[in-house]
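Reviewing the structure listed below.
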Amino acid sequence: MNTTVNVKRLNANRVNRNQPASVSHKKLVRLAFFLLAILVSFSCGAIFKSYASAQDESSAPASFYAEKSKVVDVVKGDTLLKIAREHAPKDANIHAYVDKIKKLNGLKSAMLREGQILELP
3 MNTTVNVKRL NANRVNRNQP ASVSHKKLVR LAFFLLAILV SFSCGAIFKS
53 YASAQDESSA PASFYAEKSK VVDVVKGDTL LKIAREHAPK DANIHAYVDK
103 IKKLNGLKSA MLREGQILEL P
């Protein structure tokens, strides 16, 4: 009878010793899962950002646009009329060419800013 009590005490001690270990194991698993979720989130964000910036043509250098079409970098004193006179075909109507420049670049007025890049027809 004495032996049975000792076995019960041993089993009781094992349960108590294992319980804190299983709780800390659960915490470690939760922590690992949480850190993995954060890592996956940051990775997806970085991939999305790099893909989005690669698709953004507005950050491309002027040489990129020059290959596609003729462009002009507006300098101080430039006007649409002056740019049209310099770049329009010889037999073209200058005012019609100015209108084409405005339409192509989404300009509502003839106002230009220094450093502005204009695509020419």
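So the sequence shown is numbered by our numbering: it starts at 3 and just counts up by one. No residue lacks a Cβ here, since even glycine has one placed at the ideal position from N, Cα and C.
Would you identify the three-state DSSP class for residue i, choosing helix, strand or coil?
| i | result |
| --- | --- |
| L120 | strand |
| K101 | Rather than Lys, the amino acid found at residue 101 in this sequence is Asp. Looking at D101 - three-state DSSP - the assignment turns out to be helix. |
| V42 | helix |
| K84 | helix |
| V77 | coil |
| K72 | strand |
| K110 | coil |
| R115 | coil |
| A94 | coil |
Apart from the five residues just before and just after residue i, which ones in its own chain have a Cβ nearer than 7 Å to its Cβ?
| i | result |
| --- | --- |
| L106 | E121, P123 |
| H27 | none |
| E116 | V76, V77, K78 |
Decide if residue i is buried, meaning its Cβ has at least 16 other Cβ atoms within 10 Å, or exposed.
| i | result |
| --- | --- |
| Y53 | exposed |
| I40 | exposed |
| V100 | buried |
| A86 | buried |
| L114 | buried |
| L30 | exposed |
| I103 | buried |
Less than 6 Å between C-beta atoms, sequence neighbours within five positions excluded: which residues of the same chain meet that for residue i?
| i | result |
| --- | --- |
| K72 | L122 |
| H89 | L122 |
| S111 | none |
Are the segment 88 to 95 and the segment 30 to 47 in contact at 8 Å, needing three or more beta carbon pairs? No, they do not touch.
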